[in-house]
Amino acid sequence: MKALSAIVIAAALSSMAGGQTVNAITSGGLGYAVPMPVNSLTPVAGFRSQSALDSRHMALALEKDFITMHTVGTSIRGTNIVAYRFATAGTTTPDGTAKGAAMLQGTIHPREWISPEVVTAVFERLAAGEDATARFLVDNLEIVILPIANPDGFAVTQLFPAQTVGGSASGGGGADGRMRRKSMLNADDVLSTTGDAFNGVDLNRNHSFGFGGGSGSTTGETYRGPSAGSEPESQALYAAAALLNESRLRFYVDVHSHQQVYYSITDASAARSAAVIDAYGIMRSVTIGISGRIYGNLPTRVETESIGATDEYFAGTYRAMSYTLEARPPSGELFNGFILPDSQVDATRRELEPAIAAGLYYSAGPASVREVLIYDTTDGRSESSPLVFRQARTTQVGGATRILVTIANGPLRTTRRYTAVIRFTKPMRERDTGSGILRAFPGVSTTAAPGLSLANVANGAAPVFVVDGGGSIFGWDRYGGDTAVADFDLRQSVVPNGVYTLELSGTDLAGTALDADPRTVADWSVTGWTGWDAGGVDALTGVPILNDTTNVGDAWLLLGSALPPR
Amino acid sequence: MARPASFSLLAIGAKVSHAWLPLDCDHWTPRRLLPFRSLLRLACAAALLAVAAESRAGQPLPDSEAALLAMVVAADAKSGDVAPVEELKRDVAAKLGEIGTAASLAWLDAAAKQSPTVTVKELGCRAWFDRAVYPFDQEAAKAAWHIRQRAALDVYTARDDLGFLEEVAALDSSAPEVSAALAAIAKSGTGTAAKAAGDLAGGAPNSPHGNTRSLLLAEAWATAGIAPNAPELALLSDAGALYLLRLSEKFPAAERARLLAAARSHAGIASAVAFAEGRPGGLTVSEYLARDGATAAAVLASDGSPAMTAELAAALGDAATARHAALALMLQATAEARAALDEAASNVALDEALRIDIEGWLGR
Numbered sequence: 029m030k031a032l033s034a035i036v037i038a039a040a041l042s043s044m045a046g047g048q049t050v051n052a053i054t055s056g057g058l059g060y061a062v063p064m065p066v067n068s069l070t071p072v073a074g075f076r077s078q079s080a081l082d083s084r085h086m087a088l089a090l091e092k093d094f095i096t097m098h099t100v101g102t103s104i105r106g107t108n109i110v111a112y113r114f115a116t117a118g119t120t121t122p123d124g125t126a127k128g129a130a131m132l133q134g135t136i137h138p139r140e141w142i143s144p145e146v147v148t149a150v151f152e153r154l155a156a157g158e159d160a161t162a163r164f165l166v167d168n169l170e171i172v173i174l175p176i177a178n179p180d181g182f183a184v185t186q187l188f189p190a191q192t193v194g195g196s197a198s199g200g201g202g203a204d205g206r207m208r209r210k211s212m213l214n215a216d217d218v219l220s221t222t223g224d225a226f227n228g229v230d231l232n233r234n235h236s237f238g239f240g241g242g243s244g245s246t247t248g249e250t251y252r253g254p255s256a257g258s259e260p261e262s263q264a265l266y267a268a269a270a271l272l273n274e275s276r277l278r279f280y281v282d283v284h285s286h287q288q289v290y291y292s293i294t295d296a297s298a299a300r301s302a303a304v305i306d307a308y309g310i311m312r313s314v315t316i317g318i319s320g321r322i323y324g325n326l327p328t329r330v331e332t333e334s335i336g337a338t339d340e341y342f343a344g345t346y347r348a349m350s351y352t353l354e355a356r357p358p359s360g361e362l363f364n365g366f367i368l369p370d371s372q373v374d375a376t377r378r379e380l381e382p383a384i385a386a387g388l389y390y391s392a393g394p395a396s397v398r399e400v401l402i403y404d405t406t407d408g409r410s411e412s413s414p415l416v417f418r419q420a421r422t423t424q425v426g427g428a429t430r431i432l433v434t435i436a437n438g439p440l441r442t443t444r445r446y447t448a449v450i451r452f453t454k455p456m457r458e459r460d461t462g463s464g465i466l467r468a469f470p471g472v473s474t475t476a477a478p479g480l481s482l483a484n485v486a487n488g489a490a491p492v493f494v495v496d497g498g499g500s501i502f503g504w505d506r507y508g509g510d511t512a513v514a515d516f517d518l519r520q521s522v523v524p525n526g527v528y529t530l531e532l533s534g535t536d537l538a539g540t541a542l543d544a545d546p547r548t549v550a551d552w553s554v555t556g557w558t559g560w561d562a563g564g565v566d567a568l569t570g571v572p573i574l575n576d577t578t579n580v581g582d583a584w585l586l587l588g589s590a591l592p593p594r
Numbered sequence: 135m136a137r138p139a140s141f142s143l144l145a146i147g148a149k150v151s152h153a154w155l156p157l158d159c160d161h162w163t164p165r166r167l168l169p170f171r172s173l174l175r176l177a178c179a180a181a182l183l184a185v186a187a188e189s190r191a192g193q194p195l196p197d198s199e200a201a202l203l204a205m206v207v208a209a210d211a212k213s214g215d216v217a218p219v220e221e222l223k224r225d226v227a228a229k230l231g232e233i234g235t236a237a238s239l240a241w242l243d244a245a246a247k248q249s250p251t252v253t254v255k256e257l258g259c260r261a262w263f264d265r266a267v268y269p270f271d272q273e274a275a276k277a278a279w280h281i282r283q284r285a286a287l288d289v290y291t292a293r294d295d296l297g298f299l300e301e302v303a304a305l306d307s308s309a310p311e312v313s314a315a316l317a318a319i320a321k322s323g324t325g326t327a328a329k330a331a332g333d334l335a336g337g338a339p340n341s342p343h344g345n346t347r348s349l350l351l352a353e354a355w356a357t358a359g360i361a362p363n364a365p366e367l368a369l370l371s372d373a374g375a376l377y378l379l380r381l382s383e384k385f386p387a388a389e390r391a392r393l394l395a396a397a398r399s400h401a402g403i404a405s406a407v408a409f410a411e412g413r414p415g416g417l418t419v420s421e422y423l424a425r426d427g428a429t430a431a432a433v434l435a436s437d438g439s440p441a442m443t444a445e446l447a448a449a450l451g452d453a454a455t456a457r458h459a460a461l462a463l464m465l466q467a468t469a470e471a472r473a474a475l476d477e478a479a480s481n482v483a484l485d486e487a488l489r490i491d492i493e494g495w496l497g498r
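Sequence order for the protein chains is P and B.
Using the working numbering, the first residue of the first sequence is number 29, and each one after it goes up by one.
Using the working numbering, the first residue of the second sequence is number 135, and each one after it goes up by one.
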């Protein structure tokens, strides 16, 4: 027993002193086949190789004019660190408001191979632009994606997909090789080199706001580095953020594995913190709607609980809604979360990419009604149906306020039938590819149709969102689902020459209510949302009253667009 | 077996101090305790030594399955220190995974559903979480899987046909019977495997196959050495198609070529197939770039020679290949490639959007 103990102690001390034992990670140890990187530009039922991911990102950037690539720095070993900026031309949205900015980051911890897969899934969706939400996001936000923040470390994990220094056959407790977490500072990519397996900087402890967390030992698994931002990879991260309009940076996600949880960075601002939690709730709901998996929330106060991680840096520096997203599994499942089996990869991509997209969508601000058109469709809907009434909101110079412009103001008559076309600033519904029904994001609970009320003088069915058939006057406008259509007529009991208010309510794809007063443009600030009116009555009810005495007997409509609370 | 005093030390270390087992105690040190870091390191080292001294690692276990089961049943029945019991259960489970039979399954299945209570704080990306020191539940699950796999393989290989595959095809792909069936197929003859492939494909004609049927089909085709045609291959799941691609080396050369040609039409592996095929003989760099685009660029970039760089630089001059030639040069990232891209960035004859991207990649 004593001899055995001596051996164990010697082994432990040897390990502490930097002696390096290269161990195999085996399928027997893992309980499933050891994942091997696959050279494929497109997603496969497993992990793609680093070179394939690099190729994929660059190829998409070269194909799409709205993606630009930027070498934002070089790693400790001189490898290019490349960030990608997604944005259509100009600094304003199609509505004339200033674009918000958002950033996603992956692979800061190299052994977490699911991270670049998830980030790349978002990349691919935005690049494809095949769905309304993706097109909306690149039109309305500037987005920077830094898919591989620690390319040197990632390269080592890929070079040794089934080897680690120390640790068990399941990889547990190992360092370097497949289990490398840190940068390659003072480390090489030869596993047998004595003394360097534990070297490197934990790039998720190297930032201001909490610098001093993690380890002060150069061989510590969370070695923070000599000073905040000391590492070239950290500088590259900051340079990536600088590709954006930094004053408008409002959303940041750093994807990791594993624990199946979000770390949501809160601060002293209750309103900002509430928005942080709101966005988390949306992302959580979307994943539940897709896979049923519940991603927990671990709020972290930036002022008091920071440890020098990137999420704190973005929360503290930019006051962005900032998260560390830890992919599946939670503790306790029977596979190694750092070495997910191939069979988990696609499912993880599918449950997290839409969640992140939903978070981005929320960060673009609330939806509002931007235009209402009423056509006379007594003779049926056609492209030549007469336009009777039209009001639109236009953004004023500077983008902070909107005014309502009346473009057509004809009377509505009790003898006619009409179709109201309501256009929103965001896509509001999408079609479920499985069931075919219209819905909000998966897992988001919301009413199927917006509310439309014409002061109890109109008969008609609830508006229906249009997700197909763009290009028609009754179709969607900029994005599928950004338009709702309702047929109605006026009750015979309506008081002639009256003035009425059209009231609209509803929720968007993320389940959030319309901005009740779009005159003040909702925007993100250091203390959270501003100008997002959730309970007021739209002051636009004061538009001039029509009084066309030549149409005695008809009911007159005043469209005030009062948007009630959620 | 009794090691109560020594394991009490571990239990204290584990439960009271959250088991300071990690070699680097600095990770978790709260800032207010930093001045006492040396003391904490000593405490960590002491805990480590205690664990090492008390570990039962390496102690021989009986070779008899019955004796092993009796040991853990007796240990479970005792009250007292939990740690040695959990360690024993882990080690017994691991050994049963090697030698156990169906007689062990009841205990293993029950153990797999239990939660270890002796935990260590393991580092996540931002915080610590609890990891079992003696994950006997995982070992038990693995052992039960292996026993079932062996038992199934014994049954399958005792038969002289593969008539059981249709039944297996209905199971989850992670089931031990599926692993056994794959092994049984691999051990069968080419004729048997060919018949099995036909039966499996016929079992669900013209509809996309599930993962398990796809895996079985891939194994059967590979064992038979007969490549499926494109419509047959298109019915495979993504996981099955990737498995088939990984087995492609087993096919005779001509069949492998047929297989890869057919596999190009499967969206789940088309790109991987293009990588696997590499640059076809007879195609110039430009022709290859024109045909396979980004995949060709990635394949060509793996040749970082100056000669390849020169060919890629030349391909920059052709609008049809310029974009992918630039991609290949970026992926090469050699000094020569950078120089070629640098020159291209100032070439006004080049598409402006491409020049902007090149400038961006060059960090300007």
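Every residue gets a Cβ at the ideal spot worked out from N, C-alpha and C, and that includes glycine.
Please read these numbers as outputs of a predicted model, since none were measured by experiment.
- Query: Hey, Val419/B and Glu445/B: beta-carbon distance below 8 Å or not?
  - Reply: Contact flag set, yes.
- Query: Taking the C-alpha atoms as reference points, what is the distance between Trp162/B and Ala396/B?
  - Reply: Model confidence at Trp162/B stands at a pLDDT of 44, short of 50, so the residue's coordinates are unreliable; what they give is reported in the following sentence. Here the alpha carbon of Trp162/B sits roughly 54 Å from the alpha carbon of Ala396/B.
- With a threshold of 16 other CB atoms inside 10 Å of the CB of Val289/B, please say whether the residue is buried or exposed. For Val289/B, the number of other beta carbons within 10 angstroms of its own is below 16, and it is reported as exposed.
- Query: Are the Cβ atoms of Trp552/P and Gly128/P separated by less than 8 Å?
  - Reply: Between Trp552/P and Gly128/P, the C-beta spacing is below 8 Å.
- Message: Rounded to whole angstroms, what is the Cα-Cα separation between Ala268/P and Thr558/P?
- Response: Spanning the two alpha carbons is a distance of roughly 27 Å.
- Is there at least one Cβ from chain P nearer than 8 Å to Ala277/B's Cβ? It does not; no Cβ of chain P falls within 8 Å.
- In chain order, what residues of the same chain have a beta carbon less than 8 Å from the beta carbon of Gly374/B, not counting five sequence neighbours either side? So the list reads His343, Asn345, Arg347, Ser348, Leu349, Leu351, Ala352, once near-sequence residues are dropped.
- Message: With distance defined between alpha-carbon atoms, name the residue in Gly402/B, Ala462/B, Ala358/B nearest to Asp505/B.
- Response: For chain B, the structure presents residues 135 to 498; residue 505/B sits outside this window and is missing.
- Query: In chain B, which residues lie less than 8 Å from Thr99/P when you measure between Cβ atoms?
  - Reply: Ordered by position in chain B, the residues that pass the 8 Å Cβ test against Thr99/P are Gly494, Trp495, Leu496, Gly497.
- Query: Hey, which unbroken runs of the beta strand (DSSP E) at 3 residues or more fall wholly within the region 277-307 of chain P?
  - Reply: If we require 3 residues or more, the beta strand (DSSP E) runs fully inside the region 277-307 of chain P come out as 277-285, 289-294.
- Using beta-carbon positions only, say whether Ala392/P and Phe469/P come within less than 8 Å of one another. Not closer than 8 Å, so no.
- Task: Report the rounded CA-to-CA distance for Glu274/P versus Val312/B, giving the unit in angstroms.
- Result: Per the coordinates, the alpha-carbon of Glu274/P lies some 53 Å from the alpha-carbon of Val312/B.
- Query: What does Asp82/P reach in chain B if we use C-beta pairs closer than 7 Å?
  - Reply: Chain B residues near Asp82/P: Leu465.
- Query: Roughly how many angstroms separate the alpha carbons of Ala270/P and Pro179/P, rounded to a whole number?
  - Reply: Going from the Cα of Ala270/P to the Cα of Pro179/P covers about 20 Å.
- Item | Within chain B, the residues that Leu326/P reaches when beta carbons sit closer than 9 Å | Going along chain B in sequence order, the residues near Leu326/P (Cβ under 9 Å) are Arg260, Ala261.
- Message: I'd like the list of long-range same chain contacts for Ala299/P, defined as Cβ closer than 8 Å, with 5 residues on each side in sequence excluded.
- Response: For Ala299/P, the CB contacts under 8 Å within the same chain, skipping 5 residues up- and downstream, are Thr555, Gly556, Trp557 in chain order.
- Query: In chain P, which residues lie with their C-beta within 8 Å of the C-beta of Arg265/B?
  - Reply: Near Arg265/B (Cβ distances below 8 Å), the residues of chain P are Gly200, Ser359.
- In terms of residue numbering, what span does the alpha helix (DSSP H) encompassing Met97/P cover? DSSP places Met97/P outside any alpha helix (DSSP H); the residue lies instead in the beta strand (DSSP E), whose first and last residues are 95-102.
- Message: Distance check for Tyr403/P and Val495/P, CA to CA, integer angstroms please.
- Response: Between Val495/P and Tyr403/P, the C-alpha separation is close to 20 Å.
- Item | Pro436/B, DSSP secondary structure in three states | A small correction: the amino acid at residue 436/B is Ser; Pro does not occupy that position in the sequence shown. In the three-state reduction of the DSSP assignment, Ser436/B falls in the coil class.
- Query: Between the C-alpha atoms of Val218/P and Thr352/P, what's the straight-line distance to the nearest angstrom?
  - Reply: Spanning the two alpha carbons is a distance of roughly 31 Å.
- How would you list, in chain order, the residues of chain B whose beta-carbon sits under 8 Å from the beta-carbon of Asp295/P? Within chain B, not a single residue places a beta-carbon under 8 Å from that of Asp295/P; the smallest gap is close to 16 Å.
- Item | First and last residue of the uninterrupted alpha helix (DSSP H) at Phe516/P | That residue, Phe516/P, is in no alpha helix (DSSP H); its beta strand (DSSP E) goes 511-518.
- Among Ser473/P, Pro327/P, Gly471/P, His284/P, which one has its Cα closest to the Cα of Ala302/P? Checking every option, the nearest Cα to that of Ala302/P belongs to Pro327/P.
- Message: I want to see whether chain P comes within less than 8 Å of Thr429/B, judged by CB atoms only; does it?
- Response: Closer than 8 Å: yes.
- Task: Tell whether a beta-carbon distance below 8 Å holds between Ser238/B and Glu273/B.
- Result: The Cβ atoms of Ser238/B and Glu273/B do not sit closer than 8 Å to each other.
- Query: Looking at chain P, which residues of the region 452-485 of chain B have a Cβ within less than 8 Å of any of its Cβ atoms?
  - Reply: Listed in chain order, the positions of the region 452-485 of chain B with a beta carbon within less than 8 Å of a beta carbon of chain P are Arg457, His458, Ala460, Leu461, Met464, Leu465, Ala467.
- Thinking just about the alpha-carbon of each residue, which of Phe94/P, Arg105/P, Pro65/P is nearest to the one in Ile142/P? The residue with the shortest Cα to Cα distance from Ile142/P is Pro65/P.
- Message: To be precise: take each residue of the region 372-390 of chain B, compare its Cβ to all Cβ atoms of chain P, and keep it if any distance is under 7 Å. Which residues remain?
- Response: Here the close residues are Asp372, Ala373, Leu376.
- Positions along the region 396-414 of chain B whose CB lies within less than 9 Å of some CB in chain P: Within the region 396-414 of chain B, Ala401, Gly402, Ile403, Ala404, Ser405, Ala406, Val407, Ala408, Phe409, Ala410 place their CB atoms closer than 9 Å to a CB of chain P, listed in sequence order.
- Item | Sequence-distant residues of the same chain with beta carbon closer than 7 Å to Ala126/P, five excluded per side | Hits under 7 Å: Thr119, Thr120, Arg276, Gly427.
- Task: List the DSSP bridge partners of Val254/B.
- Result: According to DSSP, Val254/B bridges with Arg265/B.
- Item | Inter-residue Cα distance where the pair is Gly323/B and Ser405/B | Inter-residue distance for Gly323/B and Ser405/B is about 32 Å (C-alpha atoms, whole angstroms).
- Between which two residues does the alpha helix (DSSP H) containing Phe270/B stretch? Judged by DSSP secondary structure, Phe270/B falls within the alpha helix (DSSP H) whose first and last residues are 270-292.
- Query: What's the gap between the Cα of Thr455/B and the Cα of Glu145/P?
  - Reply: Rounded to the nearest angstrom, the two C-alpha atoms are 28 Å apart.
- Pro339/B in three-state terms, based on DSSP: When secondary structure is reduced to three states using DSSP, Pro339/B falls in the coil class, being assigned neither helix nor strand.
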